[in-house]
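Colleague: By numbering that gives the first Met the number 0, the letter at position 131 of the sequence shown is numbered 130, and the numbering carries on one by one without gaps.
Every residue, glycine too, gets a C-beta built ideally from N, C-alpha and C.
If you're wondering where the values come from, they're calculated on a predicted model, not measured in any experiment.
This is the structure I have questions about; it appears just below.
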Amino acid sequence: MWSTVRFRPRSSLRGAAPGIALALLLSGCVVPARTDAGYRTDASMALESATSATRTAQLALQQWLQGRMPRTYANIVVTDSESSLGPIQASFGGVDPPNRKVDSLRAEVGGELSDAADALAQGRIALRRSDRAGAMKAVAALGKVSSTLEKTGAGVQ
């Protein structure tokens, strides 16, 4: 009635090749952008993604402050928003500007992504402490950072 299924491990690494390739890809390789336009597109995408993360966290905090969202759920949303920013920073930071003309863009976007990370951390900490005053400050900081990200993103292209 019961059949036995036997596991037979593969002796080759053929099945592991995609995983190994992905690990090498994500291991922190820094690549140069080929053109100013390509670099500006990377910057724009990073800013757009960061804006989404900060606006999402801001909304979750506002909903919690207004009693419309449980703290545990707001914590998940804010924490996920904060966690999503790390890869955005790493991805943009891992692309070298193609020339000195866009070095200032790299510095500006990098600084704004760092400011976004700080505001997200401020919101997470306030939320986990059930610190309503701190959460209100974080909402304001996230709003300011989001507006700056949006404005910079609109001017990049």
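#1: On the DSSP bridge assignment, give the partners of V108 in chain order.
#2: Ends of the alpha helix (DSSP H) at S145?
#3: Which whole-angstrom value is the C-beta distance of L141 and A56, which I expect to be below 8 Å?
#4: By the three-class DSSP mapping on this structure, what secondary structure does R128 have?
#5: How would you label S145, buried or exposed, when you count the other beta carbons within 10 angstroms and need 16 or more for buried?
#6: Rounded to the nearest angstrom, how far is the Cβ of V155 from that of R123, given a contact under 8 Å?
#7: With distances taken Cα to Cα, identify the nearest neighbour of L84 among G109, L60, G133.
#8: Quick one: give me the first and last residue of the alpha helix (DSSP H) that Q61 is part of.
Modeller: The answer reads as follows:
#1: The partner list for V108 (beta bridge, DSSP) is empty, contrary to what the question assumes.
#2: 131–155
#3: 6 Å
#4: coil
#5: buried
#6: With 8 Å as the limit, V155 and R123 do not qualify as a contact, their Cβ atoms being about 28 Å apart.
#7: G109
#8: 35–64
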